[in-house]
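Here is the structure we will look at, set down as structure tokens.
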Amino acid sequence: MELQIALFLFLSTRAASSASIPTCPNGWMTGEFLPKCYKFFTQRMLWHDADQLCQQQGPGGHLVSIHNRFENNAVIDFATDTPGSNSSEAWWWIGFNNFNNKFAWIDDSPSDFTNWALGEPSNTQIENCACMSDITSDCPSCWHMRGCGTCNNQRHFMYDAENFCVSQGPGGHLVSIHSRFENNALLDLAAATPGSEAGEAWFWIGMNNLRTTSSYTWIDGSSTDFTAWVQGEPSQTSIEYCACMEDKKSTCPSCWRTQGCFSCQDFRYFICQINGL
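When you line the sequence shown up against mature numbering (1 follows the signal peptide of the UniProt record, and there is no 0), it's residues -18 to -1, 1 to 259, in that order.
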């Protein structure tokens, strides 16, 4: 799945200390005419977590921003030369994103260069983070938009949770809810599931406005004949497109709230549905 390919590797940058060749800490790379220090990390991470790790490395730390063809080529060379990087078989995160409905670098530097692959950037609402393709790609060092993360264990971003549900069998989707009885029964089912921790965590349902921003609909295409929004919802912000149900410890158990579908904090449990036998 494409959302997973981009998770393999990422690059980090930190501020330069010289106008020509920066002096870099041990393990960091640079060169003539390059403005920063660079380091390739081989951990597999979500985009947001990767940038947080980069920030922890020192002043100016962020996922890499790239400002000309020379720097773009240097970055892929650094990646290829890093022991254990396996960069010939994996793509990696860069700092380009469109979280605020415009493309920008995470370090707020100017967007004065791009190297998109053919057909990119995609215009979907589910792909907000950029990654660079490897040296064996049809377009080495080209940029591609991808979803910003996948899941592990049973916590997923909304889009990845839906893909998992679809894979479970005919009719597979994040759950759609059509009555108060069904809504309450699902909360009880989640709370009774061993290991779910559903009494301490919200979870994804199939309600969203990814396709039609003017209204919320079910991801399985079924009728929107019941809602259980908490007071003040659904949100009309440009960053919250998906819905989750509150847990039993909430002030409004089984109520629905809108959430961002892919930001780092939106890593939730979920309920699938499939057709009966």
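Cβ coordinates follow ideal geometry from the N, Cα and C atoms, glycine included.
Remember, predicted model here, so these are calculated numbers, not experimental data.
*To the nearest angstrom, report how far apart E164 and I117 are at their CA atoms.*
51 Å
_Helix, strand or coil at P103 [DSSP, three-state]_ = coil
*I76 versus V46: straight-line alpha-carbon distance, rounded*: 5 Å
_Just list the residues that DSSP pairs T240 with in beta bridges._
A225
*Residue interval of the alpha helix (DSSP H) (run including I58)*: 51 to 63
*Would you report the Cα separation of S217 and T240, rounded to the nearest angstrom?*
6 Å
*asked:* Which of the three DSSP states is assigned to S204 in this structure?
replied: coil
*In three-state DSSP terms, what is M114?*
strand
*Residues sharing a beta bridge with Q255, DSSP*: H155
*Sort K84, S161, C113 by Cα distance to W98 and report the nearest one.*
C113
*Rounded to a whole number of angstroms, what is the C-alpha to C-alpha distance between residue 279 and A143?*
Residue coverage of the chain in this structure runs from -18 to 259, which leaves residue 279 outside it and unanswerable.
*Rank P7, G9, Q255, Q38 by C-alpha distance to the C-alpha of S149 and give the top, closest one.*
Q255
*What is the DSSP secondary structure of H30, reduced to helix, strand or coil?*
helix
_For the pair the segment 28 to 44 and the segment 52 to 66, tell me if three or more CB-CB distances fall below 8 Å._
no
*In this structure, does DSSP put R250 in helix, strand or coil?*
strand
*Give the DSSP-derived three-state secondary structure of L169 in the structure shown.*
helix
*asked:* Suppose the cutoff is 7 Å on Cβ atoms and the five residues either side in sequence are ignored; what does the same chain contact list for F52 look like?
replied: F15
*Could you spell out the range, first to last residue, of the alpha helix (DSSP H) harbouring residue 262?*
The structure shown has nothing for residue 262, since the chain only spans -18 to 259.
*From Q25 to L156, what distance separates their C-alpha atoms?*
30 Å
*On the premise that M227 lies in contact with W211, defined as a C-beta separation below 8 Å, what is that separation, rounded to the nearest angstrom?*
Not really, about 11 Å apart at Cβ, beyond 8 Å.
_Distance check for S115 and C121, CA to CA, integer angstroms please._
7 Å
*Range covered by the beta strand (DSSP E) that runs through M189*: 185 to 190
*Kindly indicate which three-state DSSP category N145 falls into: helix, strand or coil?*
helix
*asked:* Let's see if you can read the secondary structure: which residues bound the beta strand (DSSP E) around residue 261?
replied: Given that the chain is displayed from residue -18 to residue 259, the structure contains no residue 261 and the question cannot be resolved.
_CB of G9 within 9 Å of CB of K21, strictly_ = yes
*Could you give the residue range of the beta strand (DSSP E) that holds N8?*
Taken as a continuous stretch (DSSP letters only), N8 belongs to no beta strand (DSSP E), as it is neither H nor E.
*Do S158 and I201 have their C-beta atoms closer together than 9 Å?*
yes
*Alpha carbon to alpha carbon, how far is N79 from A86? Give it in angstroms, no decimals.*
6 Å
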